[in-house]
Every structure is written in C-alpha cells, then in structure tokens.
DNA sequence: TCTCGTCTATAACCTGCGTTATGAATCTCT
DNA sequence: AGAGATTCATAACGCAGGTTATAGACGAGA
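Residue numbers (the working numbering), protein chains in the order written: chain A, 3 to 249; chain B, 3 to 249.
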C-alpha cells in the first residue's frame, strides 16, 4: 500500500492525473520504510514534532493517556493513511501513536512535507483535504460519544472501518481482519471492555455482526448503515469546486 | 472585536508585525458587518458552503441535529473567532451554525479567503494554525466525552471558556457573562439539562463555581484547572519553528 | 506438549446519569 | 402590569453501562 495508491485514489486521482514530478514527490515520502512491531510506540504525547509517517502495512492508533488511568483512542490508522498530521504546526505532540499489530511504516520529515507543498499546489490541496477529512471523522466520533448508546457506537465504528477498508481492497465478502482487542475498542468508544463484549453479543444475537477472534463479518451492511444513519459524505470526499480552482 | 485584535494577538502578532497590506487584507474580511439575533441560524447542516463569518459581537455555536431527536453542539464561537473553517474544502456544510445571543457578524467569501492566502503566507500560516487549534479543542472535548464524569466535563468546559474569554478581555475578577442555557451546555457536554443543573449545584457546594443567571464566577480558577488537569498548550498556541520558517 | 499470559464471555452487583414531574423564578410580549 | 413561555432547582425512579469476579479459549515460547 503506497500513498500513491491511497491519496490518488481517494481524492486527487478523480479530478486529474498527477504529473511525473508529483508522483516522484509522493514516492519520495516512502523512501525509508521500516518494520514496526505490535505495540511499538512511534512517539509519546508531548514529544517534539519531527516526523510524520505513512502507514504501509499494519494498523496504528493515536491516543491520550489520562490522569485517571484510562486511555482515549483518538483515531485508528489503516494502510495508506498519514500519521501525525494532527500535530502539524505544533511544537509538541498532542497525542501518542502506537502500532496495533506488526507492520511497515515510512517516516518522512517536516522538510519533505514543506517541499511537497511548495512544489505542488495540487498535492497541497490533497494534503489539506486529508486533514479536513480526518477532522470530520473526529467530529463524527465526538457526536457518537456524546449522544449515542453503546450498540450504536460500536455499529458505527465497525461500519466506518468497513468502508475505509473497502476502499483499500481489504474487505472480502463483507468480512475483514480486525486486530483490535475489545479493550482497545472500548478505549476508542468510551466504553469498558466488558461492555464491548456484551455489545458484540447483542449485535450477534440480532444477526448484524459475526466475529471470530480477529475476523469480523457484517452480515447485512445496509442494515448496519441504516441503524447508525451513516452519512458517508465525510469519507467519500466531496471537495468544493472553489477548492479545486485554487490550484 | 476585530480579527486584527484576535488573530494578531493570538498568534502572528507575537512573531512579527504585520505589513500594511496584511492589515488591509484582514480588515477587508470585515467590511460587511450585520446584526444577527439570538437563535438566528446562520446556515443549516448540508447547505452549500459559500461563506465564512467573523464573529464581532455575541456568541454562536456549531451543531449537529441527530436522528434520535437530540443535538450535539460541536463548538462555541466567541468574538474574534472565524466560523465555518470546519467546512473549508467541502461542498456541503457538515454542521449547522446558530447565534446564541444577539450579536454582529461579518460574512466573507471563499474568494476573499483564497486571495488572502495567496497574498500573504504569514496570514495563511495564521489561518492554518487557527484550524489546527480548533481541531485540538475538538479533540480535547472528545477525550472528555469519552472518559470523564459530568462534573469534570463541566469544570473543563467552564475553564476553557474562562481562558478564551480572558484572552479577549471579557473576564473581570474571575467572572464572565455566559449566555448559554443549561440545555445548551448539556448538548455540548453530552449530558441532560437536569444533570447539568445538578452538577452546577455540586460545583457550587464545593466552592468552585458561583453562578447567577448568566453570570459565572470561578472562585478558584487554579483549583479548577487542577481538577481537570487542564493542559493549555492547545489554546496558548505553540507553533513549531519549522512552521514559521515556512513563510 | 505443557505453561503462562492474553483475550473473551458471562454473571452479579452497583452507581451515575437519563427521564419525568413539579414548583418557583425570570424573561417576553402586549 | 398581567399572561404565557423559558429557564432553573430539586426529587423520585429506572436503567445503561461500570466494576469485579470467574472460567474457558487461544497464542507464544520452551
């Protein structure tokens, strides 16, 4: 999974082909891939902001450790995602990032990002769009934490993963691998691990979701989407015309 | 309250004076002020994205109306804030915006924003920093919704308002005017109005917060800050050096 | 193959917060 | 100034979800 695959397919690619230089700029972000093992902390909260990362294989998450001993997971990163944009512009990390399972990441520098932005307005627009879309996903999560019950939160979470994984070809027959533990899911949804388990049982009994260890199948994605009133405009990006003319 | 006051004081002003042209560009955003009355909807969810607004007087909030009949307030806007940046890059509004009390707003167009960004990298940086800071505030709210109890959420909410109001000179002797109803506070914090009332009583009994209708006094801001482990790096912006050299 | 650690399922119990209700205080409009 | 609409405080009650406990299933390493 390269950025070229994900960014181009997600946004820009739809609106116009990239030049050779732009492709090179993107590929340059991925010159230094390295393995990362499950549980590895890429950086801690409050660390200096020096690097960003492209996730090439594996899943990662950003999180905050709280004074009361609990953790809040802010976002789950899948292959093709860029990690660290949250801290763009800040001197210190606002959140830690750790790997969920074994994977491959490609770190790149502020410097490289600035160069890319300076050289290609089209890529700059794509990067900004990425940041904005991430903010939109965060907003959606916030709404669910504030106003929805456990089974709706979990259904929404699973359905969002399903859509994101489908875009990168990681869904087969409505099923996908999900390396998150129930404790981690709880930390993302503001629930206890026990209640996540209870809620999975509930969704199973209702014939919506089947799960066997790390494999999840959405038996009826449409029904799930209706249950959570899923609005996918924030994932299936709809950039404004004005934005494109900015190039 | 003009953008010049708020943006310059918040970010850029610390790092270098603005040129005459930059001041003009900023003031141009505020050429068309108009009155807006309490409860007025500036735009609905899903409306076309055409305008942004500077809040000159009064408070506003962005919100989502949910299928289950409830509402989630995403952000409260104070004088000097820019409304609508959330939707920058999208064709449709992701959230509605309404006035909390009577005020004055200055709408400006995409066009004007693009022109400003094109003409002044310094202002572009300032705008981006604003967006990033708003995302950070949203993240903080998310953490509180996920992992903290009602009295901590309310204390955090009040303390954040206190800091933001202090920056624009709207705090006197640790007290400030707060035009939000308890129902609206509940919609922001994911609580029922009844429980907001109970929680206010609790904070009063503990000697932390006194409230008389729309006037709030934080009797001991330090104690409140400790209670919520307030981390103000996301409000007192600390832009990275790399970011500044980008100009 | 056995052992130890991690993950999951389910039960029992408890509490924080939602819901509903009621009355008082305050605001708005005429 | 009076009437109706909001807003707020407090109480009573119920439930969703937290906490603790236990036992089975699975995976990694020797």
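Every residue gets a Cβ at the ideal spot worked out from N, C-alpha and C, and that includes glycine. In this text, all values refer to a predicted model and were calculated from it rather than measured experimentally.
Out of the options, state which residue places its alpha-carbon closest to the alpha-carbon of residue i.
i, options, result
"residue 31 of chain B", "B/55, B/171, B/219 and B/22", "B/55"
"residue 173 of chain B", "B/198, B/219, B/195 and B/203", "B/219"
"residue 46 of chain A", "A/89, A/171 and A/233", "A/89"
"residue 133 of chain A", "A/143, A/21, A/74 and A/85", "A/85"
"residue 61 of chain A", "A/212, A/221 and A/183", "A/183"
"residue 19 of chain B", "B/124, B/50 and B/108", "B/124"
"residue 205 of chain A", "A/175, A/153 and A/214", "A/153"
"residue 213 of chain B", "B/176, B/188, B/233 and B/232", "B/176"
"residue 94 of chain A", "A/119, A/116 and A/51", "A/51"
"residue 108 of chain B", "B/53, B/42 and B/34", "B/34"
"residue 155 of chain A", "A/169, A/21 and A/198", "A/198"
"residue 187 of chain B", "B/72, B/37, B/25 and B/48", "B/72"
"residue 38 of chain A", "A/25, A/48, A/21 and A/57", "A/57"
"residue 142 of chain A", "B/49, B/66 and B/48", "B/66"
Would you say residue i and residue j are within 9 Å of each other, going by their C-beta atoms?
i, j, result
"residue 159 of chain A", "residue 167 of chain A", "no"
"residue 103 of chain A", "residue 223 of chain A", "no"
"residue 27 of chain A", "residue 4 of chain A", "no"
"residue 87 of chain A", "residue 136 of chain A", "yes"
"residue 64 of chain A", "residue 97 of chain A", "yes"
"residue 151 of chain B", "residue 230 of chain B", "no"
"residue 228 of chain A", "residue 68 of chain B", "no"
"residue 75 of chain A", "residue 190 of chain A", "yes"
"residue 221 of chain A", "residue 210 of chain A", "yes"
"residue 323 of chain A", "residue 226 of chain A", "The shown model of chain A, from 3 to 249, leaves out residue 323 of chain A, and the question about it has no answer."
"residue 99 of chain A", "residue 44 of chain A", "yes"
"residue 59 of chain A", "residue 122 of chain A", "no"
"residue 127 of chain A", "residue 118 of chain A", "no"
"residue 161 of chain A", "residue 92 of chain A", "no"
"residue 80 of chain B", "residue 170 of chain B", "yes"
"residue 144 of chain A", "residue 144 of chain B", "yes"
Exposed or buried, which one is residue i when buried takes at least 16 other CB atoms within 10 Å?
i, result
"residue 16 of chain A", "Residue confidence for residue 16 of chain A is low, a pLDDT of 48 falling below 50, so the modelled location carries little weight and cannot support an answer."
"residue 217 of chain B", "exposed"
"residue 140 of chain A", "buried"
"residue 207 of chain A", "exposed"
"residue 249 of chain A", "Because residue 249 of chain A carries a pLDDT of 47, less than 50, the predicted location of this residue cannot be relied on, and no value is offered for it."
"residue 130 of chain A", "buried"
"residue 105 of chain B", "buried"
"residue 113 of chain B", "exposed"
"residue 201 of chain A", "buried"
"residue 36 of chain B", "exposed"
"residue 215 of chain A", "exposed"
"residue 120 of chain A", "exposed"
Item to check | Length at least 3, wholly inside the region 152-197 of chain A: the beta strand (DSSP E) runs in chain order | outcome: 177-179
Item to check | Near-chain A residues of the region 66-84 of chain B (beta-carbon distance less than 9 Å), N- to C-terminal order | outcome: 66, 68, 69, 70, 72, 73, 74, 75 and 76
Checklist entry - Can you list the alpha helix (DSSP H) stretches of 4 or more residues lying completely in the region 17-47 of chain B, in chain order? => result 22-30
Checklist entry - Mind listing which residues of the region 143-167 of chain B have their C-beta closer than 8 Å to chain A's C-betas, in chain order? => result 143, 144, 145, 147, 148, 149 and 150
Item to check | Within the region 93-121 of chain B, ranges of the alpha helix (DSSP H) (whole runs, at least 4 residues) | outcome: Within the region 93-121 of chain B, the runs of alpha helix (DSSP H) at least 4 residues long that lie entirely inside it are, in chain order, 112-121.
Checklist entry - Taking Cβ-Cβ distances below 7 Å as the criterion, which residues of the region 215-230 of chain A are in contact with chain B? => result none
Next on the checklist: Restricting to runs no shorter than 4 residues, where is the alpha helix (DSSP H) found entirely within the region 123-154 of chain B?
Outcome noted: Restricted to the region 123-154 of chain B, the alpha helix (DSSP H) segments that are unbroken, complete and at least 4 residues in length are 123-149, listed in chain order.
Checklist entry - In chain order, what residues of the region 126-137 of chain B put their CB closer than 9 Å to some CB of chain A? => result The residues in question are 127, 130, 131, 133, 134, 135, 136 and 137.
Checklist entry - At a Cβ cut of 7 Å, what residues of the region 165-189 of chain A count as close to chain B, listed as they run along the chain? => result none
Checklist entry - Which residues, in chain order, does the region 92-121 of chain A contribute to contact with chain B at a C-beta distance below 7 Å? => result 92, 93, 94, 96, 112 and 116
Checklist entry - Listed from N- to C-terminal order along the chain, which residues in the region 46-59 of chain A have their beta-carbon within a distance smaller than 7 Å of any beta-carbon of chain B? => result 51
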